[in-house]
Structures are given as structure tokens and as C-alpha cells.
Amino acid sequence: MKRWGLTTAAVVIFLAWVQPVWADDYLKDTVEFDKAYIPALAMTNQDKRPPAIKAMKILDQAWAKYKGLYYDYKKSDARWRGDFDQVGRLIAEAGEISASDKALIEAHETLEGVRLTFMETRRRYDIDYLIDHFTEFHEYMEEVTLTAKGKTPETLSDDDLDEIRQNLTQAVQAYEKVQRYPFDPAMFGFNGEKTAQYKNFVQREADSLADLEKALGGGDKAEIIKKSMAIKPYFIKQFFLFGDFDRIKAGN
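Numbering (this note's numbering) for the sequence shown: 8 to 259.
Rendered as C-alpha cells:
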């Protein structure tokens, strides 16, 4: 995979120049919000309602705090408030689904809209945030795995192969943004052990993408299916590092 030639120091200087002056505090609070959001996203993707309800309760509390801090932050920007209103509706809807007898996956799919909405919010203001690069990557990565899922060498069509190639190209480009992000462990509250885990998962994910590129070049459909499904696990592992799952286990 292509490597960016700039040093980490150069990236930090560049980002400090293009990002608004208020971005530092905003991002610190966004990290705290995502510590609650990510477990809710994860728990609603499992068939376990009690943990999902706990996660949604914690997310509700985090959302109330986050909205209180930033809803009126850009009073002159109607789209800013509109995005917060949209996120509020999505969280409320996901909470209602989780507390009902509806399938939890519906709550999960609803919550997906939260990160997509806030990604667009931040990009309008040129705010570079690691989780947004995960979100962008996820969209293409998911298309690859869904295309290959349940297929056999006999049922994987030429159209499927084209779909995998196109989405993999976009996924690789999106993941390069993750790799070159000037990761600051302190910003995300990572200790040495967690930082090492993160770096390991990032490299493993990059390797899995390279493996799929190689498989596509080789043309072995069984290998293409196998490597297509292998690009998801390490992404999930690194993404979950940014959520606080201990609060759900403790029930707080």
C-alpha cells in the first residue's frame, strides 16, 4: 500500500493550520461522546437486549452532555444545529427500538446515521478526526464483505469481482487516511498497552487489504472470498478500542 511521505510532525503542523482554533476542545469532547456511542453501536448489533439497553442509556447521558456543550456553538450555521437535531432523532429512535420487541439490528442501522452525520459536519469545518476516517473506510469495507459473503467460487460472478475491486480501491484510499493520521494516545486516553494494540491492529488491517489485492491479482476465487471476509475483523478490533465497554459491564 502507498505510504505518505510527510513526517508526523509535518502533518501536525498542517492540521494545526487548517483546523479551526476551537477544534481541540471540540475533539476532546467528541472523543468522550464516542466512548459511549461506539458501545451502543456494537451492542445493538448483537442479539442481547439487556446490554443494548444499558448502552443506550449511557449514550443518552453522553448525548445530553455533548449537545449541551455544542448545540448552540455555531448559531449562525443552521446546518450545524440541523445535524445535531438529526443525531438527536436517531439516538431517540434507536433507544425506542432497543426498548421494544423490534429486532436490535434496526437500532444498530439507525445509529449508523450518527457517525455519518457528524462526519459530514466535521468535514464542512475541515476538522480532521480519526473516527471519521474509520467511518469512511467502513462504507467501502462493508461493501466488499457483503459482496463476498455466502458466495462460493461457483457463484462469485464477474460482476461481483468488479464490485470487490472497485470498493477495495476506495477502501485502501480511505484506510491510508487512518494510517497517516497523527495519532495522539493522550487525546484518546490510551495507555502504552492500548496504543500498542491499536498500532498492531492498524498494521494487521493494512496487511489484510494487501492480501486481498494480491488475491484479486491471482484470480483464485476461493482465495478472493476468503481474503474479502478477512478485511473486517481487525477493523472491528481497532474501532472498538475507542469505546468504553467497561461501563456496560458494570451497569453504570
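Even glycine gets a Cβ: it sits at the ideal position worked out from N, Cα and C.
(Q) Report the start-end ranges of each beta strand (DSSP E) in the segment 108-162 that is 3 residues or longer and not cut off at the edges. (A) Annotation note: the segment 108-162 contains no uninterrupted beta strand (DSSP E) run of length 3 or greater.
Q: Along the alpha helix (DSSP H) that carries Tyr-73, what are the first and last residues, could you check?
A: Residue mapping note: residue 73 aligns to position 66 of the sequence shown, counting from 1. Per DSSP, Tyr-73 is one residue of the alpha helix (DSSP H) stretching across 56-77.
Q: Could you give the DSSP three-state label for Phe-195: helix, strand or coil?
A: The residue given as residue 195 occupies position 188 in the sequence shown. Correct three-state label for Phe-195: helix.
Q: Could you pull out every residue in the same chain whose Cβ sits closer than 7 Å to the Cβ of Lys-158, ignoring the five residues on either side in sequence?
A: Working through the sequence shown from its first residue, we reach residue 158 at position 151. Around Lys-158: Asp-167 and Ile-232.
Q) Should Ser-164 be labelled buried (16 or more other beta-carbon atoms within 10 Å of its own) or exposed? A) For this step, residue 164 is matched to residue 157 along the sequence shown. By the neighbour-count criterion, in which 16 or more other beta carbons inside 10 Å mark a residue as buried, Ser-164 falls on the exposed side.
Q: Kindly indicate which residue of Ala-43, Ala-30, Ile-104 and Ala-203 has the alpha-carbon position closest to the one of Asp-253.
A: Stepping through the sequence shown from its first residue, residue 253 is reached at position 246. Taking only the C-alpha atoms, the option nearest Asp-253 is Ala-43.
Q: Whole angstroms is fine: what's the gap from Lys-61's alpha carbon to Lys-228's?
A: Taking the first residue of the sequence shown as position 1, residue 61 is located at position 54. Taking the first residue of the sequence shown as position 1, residue 228 is located at position 221. Cα to Cα, the separation comes out at about 42 Å.
**Q.** Identity of the residue in Tyr-147, Leu-118, Phe-242 and Glu-230 nearest Thr-51 by Cα
**A.** Sequence index remark: in the sequence shown, residue 51 carries index 44 (1-based). For the residues Tyr-147, Leu-118, Phe-242 and Glu-230, the minimum Cα distance to Thr-51 belongs to Leu-118.
**Q.** Bounding residues of the alpha helix (DSSP H) (the contiguous stretch that carries Leu-248)
**A.** The sequence position of residue 248 within the sequence shown is 241, counting from 1. Premise fails: Leu-248 is in no alpha helix (DSSP H) and is neither H nor E.
(Q) I need the straight-line Cα distance from Tyr-132 to Asp-41, nearest angstrom please. (A) Position 125 of the sequence shown, counting from 1, holds the residue named residue 132. Position 34 of the sequence shown, counting from 1, holds the residue named residue 41. Straight-line Cα distance between these residues: approximately 19 Å.
Q: For the alpha helix (DSSP H) holding Phe-91, just list the boundary residues, first then last.
A: Looking up residue 91 in the sequence shown gives position 84. First-last of the alpha helix (DSSP H) with Phe-91: 85-105.
Q: Take Ile-104 as the anchor and find which of Pro-160, Gln-186, Thr-37 and Met-63 has the nearest alpha-carbon.
A: If you number the sequence shown from 1, residue 104 lands on position 97. Cα-wise, what sits closest to Ile-104 is Met-63.
Q: With DSSP as the reference, label Gly-201 as helix, strand or coil.
A: Within the sequence shown, numbered from 1, the residue matching residue 201 stands at position 194. Residue identity check: residue 201 is Lys in the sequence provided, not Gly. In the structure shown, Lys-201 sits in a helix (DSSP, three-state: H, G or I).
**Q.** C-alpha distance - Glu-200 paired with Pro-189, whole-angstrom precision
**A.** Residue mapping note: residue 200 aligns to position 193 of the sequence shown, counting from 1. Residue mapping note: residue 189 aligns to position 182 of the sequence shown, counting from 1. Approximately 18 Å, taken between the alpha carbons.
Q) If you draw a straight line from the C-alpha of Asp-90 to the C-alpha of Asp-31, how long is it? A) Counting from 1 along the sequence shown, the entry for residue 90 is found at position 83. Counting from 1 along the sequence shown, the entry for residue 31 is found at position 24. Their backbone Cα atoms lie some 20 Å apart in a straight line.
Q: Measure how close the beta-carbons of Ser-215 and Ala-193 come, nearest whole angstrom, since I'm counting them as under 8 Å.
A: As a working mapping, residue 215 is identified with position 208 in the sequence shown. As a working mapping, residue 193 is identified with position 186 in the sequence shown. Rounded, the Cβ-Cβ distance is 28 Å, inconsistent with contact.
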